[in-house]
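Trainee: Residue numbers (my numbering): 54 to 341.
In this text, a Cβ means the ideal position worked out from N, Cα and C, and glycines have one as well.
Just so we're clear, the structure is a prediction, and the values are computed from it rather than from any experiment.
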Ligand code: SIN
Ligand code: MN
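1) Count the C-beta pairs between the stretch 298-308 and the stretch 123-141 that are closer than 8 Å, then say yes if the count reaches three, no if not.
2) Could you tell me if the beta carbon of residue 165 falls within a distance shorter than 6 Å of some heavy atom in ligand 2?
3) Hey, which unbroken runs of the alpha helix (DSSP H) at 4 residues or more fall wholly within the stretch 122-151?
4) Is the stretch 151-165 in contact with the stretch 102-111, if contact means three or more CB pairs nearer than 8 Å?
5) Please report the straight-line C-alpha distance between residue 182 and residue 146, rounded to a whole angstrom.
6) Could you tell me the distance, in whole angstroms, from the CA atom of residue 112 to the CA atom of residue 297?
7) Roughly how many angstroms separate the alpha carbons of residue 254 and residue 334, rounded to a whole number?
8) What is the rounded straight-line gap between the Cα of residue 80 and the Cα of residue 184?
9) Please list the segments of the alpha helix (DSSP H) lying wholly inside the stretch 174-204, counting only runs of 4 or more residues, in order along the chain.
10) Who are the Cβ neighbours of residue 219 in its own chain at under 7 Å, not counting the five residues just before and after it?
11) Skipping 5 residues on each side, what residues in its chain have a beta carbon closer than 7 Å to that of residue 162?
12) In the DSSP assignment, what residue or residues form a beta bridge with residue 224?
13) Do you know whose CA, among 65, 200, 71, 60, lies nearest residue 252's CA?
14) Who are the near neighbours of residue 287 in its chain, counting only those whose CB is closer than 6 Å to its CB and skipping five residues on each side?
15) Can you tell me whether residue 168 is helix, strand or coil according to DSSP?
16) Quick check on the DSSP output: the beta strand (DSSP E) that includes residue 283 runs from which residue to which?
17) Nearest CA to the CA of residue 24: which residue from 137, 168, 172?
18) Does residue 296 come out as helix, strand or coil in the three-state DSSP assignment?
19) Between 240, 62, 330, 121, which lies nearest to residue 318 when the distance is taken from Cα to Cα?
20) Between residue 266 and the rest of its own chain, which residues show a CB-CB distance below 6 Å, the 5 nearest in sequence each way excluded?
21) Give me, in chain order, the residues of the same chain whose beta-carbon lies closer than 8 Å to that of residue 320; leave out the 5 immediate sequence neighbours on both sides.
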């Protein structure tokens, strides 16, 4: 899938692109069917909501689940990002966010690159999120919210919030959010929220300011996020466990476009369990 000149210009201006129904219901079904068993596992890579058993984020499924290993090498997700960066990519992070019915908690306003630079020492914001909806996303089940154009502001001042939710995040304070939304058009487009059927895809810049509210609806909002990083821009330290911030900088080779339906064979390096080394962390800078 190639982005058009018009899409590249829109991405540059707004910091995101939305592709409604890019994956078919049959393709989404293959992915969805694999989620409950992954969420049932009592493993470090399943982060649950505060005071609840609901999974907030499952990490690294592309290393131990065949359908998600295929998704992690899917040309519809990987090629557009390769095109934007003009370089091969590796998987920096892979997550299946639950945002489960009634239980899914908020994601405060943040930029992902804030975490990637502060925790992982990623040199430049040459990494991007690509999200695919596994459930329909509507105004009720905690859709993502973006401040269009906020990626142009580079890295914004952020504080490390360790208490609001079960997952730490470098978050942006309300006063700055107010200003950014005002500058982006206030009530006229200062916040946007791409919503649509399961199978829709969003691509968004690592510096785009985003958040989502809790999910009080009876509908799950499961979405998969690939954070794809230009290989030359790999992280420089392993402060976070490997299941959260990956340490294998091998360029991703795409599978055929029909890989989800054809059950294309894939390697599952963590298929027999996550190695203990994936839990080891360090504040040292890795040798160049
Ligand atoms: C994220 O910002 O990483 C996740 C937000 C969401 O799933 O709503
Ligand atoms: Mn984020």
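Mentor: Inspection of the coordinates gives the following:
1) Taking a cut-off of 8 Å on C-beta distances, the stretch 298-308 touches the stretch 123-141, as three or more cross pairs fall below it.
2) Result yes, Cβ under 6 Å from ligand 2.
3) Listed in chain order, the complete alpha helix (DSSP H) runs (minimum 4 residues) inside the stretch 122-151 are 128-138.
4) yes
5) 9 Å
6) One C-alpha to the other measures close to 6 Å.
7) 32 Å
8) 15 Å
9) none
10) 100, 101, 102, 103, 109
11) 224, 225, 230, 262, 264
12) 163, 212
13) 71
14) Closer than 6 Å at Cβ, skipping near neighbours: 302.
15) helix
16) 276-283
17) Since the first residue shown for the chain is 54 and the last is 341, residue 24 is missing from the structure and cannot be characterised.
18) DSSP places residue 296 outside both helix and strand once states are collapsed to three, so it counts as coil.
19) 121
20) 159, 195
21) 122
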